[in-house]
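To start, the structure itself, in structure tokens.
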Amino acid sequence: MSDPIFILHQGLLREAPGSDATTLRALTLSGVSGPARIADMGCGPGAATMVTLRALPEAQVIAVDHHAPYLDTLEHRAHAAGLARRLQTRVADMRAPGFANGTLDLILCEGAMYFMGIEAGLRAWRPLLAQGGRAVFSEVVWIKRTVPEEARLFWMEYPEMTNRDGVRRRVEAAGWRVIDDFVQPKEDWEVYLGPLGARADALRPEADETLRGVLDGARQEVELFERHSDAYAYAVFVVEPA
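What follows is the structure, given as structure tokens:
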């Protein structure tokens with residue numbers, strides 16, 4: 001594992017802000033139940049996948065990620081929890097995950113939609129849904145009308161970032177509609193940033209120059225949220241084709 005991003009994130013349970021409670025709330029709002037077929041796109045090490053498997057005991061969950069070690073971690077956790085029978089893993093790009101059209105009841109994507117963009121992602125995934133299927137995704141959004149300059153400069157690396165109304169407009173532009181949405185609590189960030197910051201600090205003494213650059217970015221992300229947590233947040237959107 002030579003990619004400094006993966007070195008930093010190795011062993012972390014989450015790749016984005018989130019919590020079991022947030023995933024459960026999103027699943028409830030989605031209305032999914034029974035023997036559903038659910039894809040967790042860009043699943044990382046599978047925190048949301050595990051919650052979904054536990055919450056929906058009849059569901060079949062297919063976890064998709066391009067980084068095989070994440071899926072290995074997920075498979076180990078699912079096996080230890082007695083949930084592996086209803087889990088499939090797939091090493092694939094979530095832009096082209098390889099599902100047949102009309103075969104998914106729910107698409108879940110926590111913290112990874114930015115890799116595709118909202119409109120492109122929803123357009124790509126729409127044919128995959130069965131009749132009545134929905135999608136749930138989380139997205140970082142501005143929650144303050146006047147954005148602090150420090151926060152604006154940091155998030156320039158994601159120029160598509162907007163507020164909740166902006167996300168709703170993009171959903172509609174893609175031919176979908178928003179069923180419900182909510183802002184994730186601050187604690188969801190702490191669950192993610194606490195371990196991330198600790199991991200960065202632990203790696204620093206032995207890090208080479210390339211890795212140190214990544215660690216510096218992680219430390220900046222942690223400290224920025226400490227100063228400006230009132231300016232941005234993750235929000236969850238439950239959507240369906242219009």
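In full-length UniProt numbering, the protein residues as written are 1 to 242. Don't be surprised by glycine CBs; every beta carbon is placed ideally from N, CA and C. Fair warning: this is a prediction, and the values are worked out from it, not measured in the lab.
| Item | Value |
| --- | --- |
| Let's test the definition: count the other Cβ atoms within 10 Å of the Cβ of Leu224 and tell me whether it reaches 16, buried, or not, exposed. | buried |
| Quick check: what's the CA-CA separation for Ala84 versus Ala68? | 17 Å |
| Spatial neighbours of Pro35 within its chain, please: CB distance less than 8 Å, with the 5 preceding and 5 following residues excluded, ordered by chain position. | Glu58, Ala59, Gln60 |
| Pull the bridge partners of Val236 from the DSSP assignment, please. | Ser138, Phe182 |
| Throw me the rounded Cβ distance for the Pro241 and Leu104 pair, which I believe falls under 8 Å. | With a Cβ gap of about 12 Å, Pro241 and Leu104 do not count as contacting. |
| Whose C-alpha, out of Gly166, Glu150, Ile107, is nearest the C-alpha of Gly132? | Ile107 |
| Shortest alpha-carbon distance to Asp180 belongs to which of Val239, Glu157, Tyr114? | Val239 |
| Leu83 lies in the alpha helix (DSSP H); which residues open and close that run? | Here Leu83 belongs to no alpha helix (DSSP H), and DSSP marks it neither H nor E. |
| Is the segment 218 to 237 touching the segment 12 to 24, taking contact as three or more C-beta pairs under 8 Å? | yes |
| Cβ atoms of Gly197 and Arg227: under 8 Å apart, would you say? | no |
| Shortest alpha-carbon distance to Arg25 belongs to which of Leu56, Pro4, Glu149, Leu193? | Leu56 |
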